[in-house]
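When we follow our numbering, the leftmost residue of the sequence shown carries the number 11, and every step to the right adds one.
No residue lacks a Cβ here, since even glycine has one placed at the ideal position from N, Cα and C.
Structure, as structure tokens:
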Amino acid sequence: MYSITKPKAAQLLTTSALSLGLIASLVFYPSASQAGKNDAGVPAELQGEWRYGRISSIQYQDSYTGRPAAPNGSSDQFQLASNGNYQRNRLLQITTYNCESNLFIQEKGKVKIEGQRLTFQPSDSTSKGQICNSGRTYSSRNSAKAETYEWSIETNESGQQVLLLATPDGKGLAHYGRPQ
11 MYSITKPKAA QLLTTSALSL GLIASLVFYP SASQAGKNDA GVPAELQGEW RYGRISSIQY
71 QDSYTGRPAA PNGSSDQFQL ASNGNYQRNR LLQITTYNCE SNLFIQEKGK VKIEGQRLTF
131 QPSDSTSKGQ ICNSGRTYSS RNSAKAETYE WSIETNESGQ QVLLLATPDG KGLAHYGRPQ
């Protein structure tokens, strides 16, 4: 995904953190029509719940203890209301050798939509995590920053709506689906 010349653990953490940044969200809607928007400017097709998730297809095992390591993965779930309010939960889990780290971010606020751009504007957030197992934990309040993305909605081969969120620089793209 990204090429960074750092030690493996730092590279994995940096890559996953960048992935989390992408997961944070993006926005691009190709229609020039304003049909289906509400007073807050949220198109009807964007309203509701969207989910993204990715988990590593590789499972590791500690060669000394025989215990399986926790999987690597990330998820992003958000819900957009017709009045522009949103709630969002993100999780990043990274395991490198015997070092398990995670980050959980919960936020709520307002979305702002201007043409093909959507901006998450958090008014309240909580971040919690741990670095290398439970040895170093941290938490913070209201540290989430506004994030702007380009978005589009497509229909997949199964006839389901897919929200594509792309980073403004075009280097990242995530596919969000509706819960089943």
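Beta-carbon proximity of residue i to residue j, cut-off 8 Å
i	j	result
Pro-178	Glu-160	yes
Glu-117	Arg-98	yes
Leu-113	Leu-128	no
Ser-133	Gly-119	yes
Val-121	Val-52	yes
Residues that residue i bridges to, as DSSP identifies them
i	result
Val-121	Phe-130
Glu-59	Gln-89
Tyr-96	Leu-90 and Gly-119
Gly-83	Ile-65 and Gln-103
Simplified DSSP state of residue i, which is helix, strand or coil
i	result
Gly-145	helix
Glu-167	coil
Ala-154	coil
Pro-189	coil
Ala-176	strand
Ala-184	strand
Assumed close pair residue i, residue j - CB separation to whole angstroms, cut-off 8 Å
i	j	result
Ala-216	Glu-110	Within the shown structure, residues of the chain are numbered from 11 to 190, placing residue 216 beyond reach of any answer.
Arg-61	Pro-189	6 Å
Gln-89	Glu-59	5 Å
Contact set for residue i: own chain, Cβ-Cβ below 7 Å, skip 5 residues either direction
i	result
Arg-10	Summary: the structure shown does not reach residue 10, with the chain confined to residues 11 through 190, and so no result is reported for it.
Ile-33	Confidence at Ile-33 is low in this model, with a pLDDT of 38, below 50, so the placement of that residue is unreliable and no value is reported for it.
Same chain, Cβ closer than 6 Å to residue i, five either side skipped, listed in chain order
i	result
Thr-158	Arg-127 and Thr-129
Ile-141	Ser-111
Ser-149	Lys-138
Gln-57	Leu-90 and Ser-92
Ser-168	none
Beta-carbon proximity list for residue i, same chain, < 8 Å, skipping 5 on both sides
i	result
Tyr-74	none
Ser-153	Ser-135 and Ser-137
Arg-77	Gln-71
Ala-156	Thr-129, Phe-130, Gln-131 and Pro-132
Residue i CB to nearest heavy atom of the ligand SAH below 7 Å
i	result
Asn-93	For the structure depicted, the ligand SAH is absent and the ligand set is empty, with no information on it obtainable.
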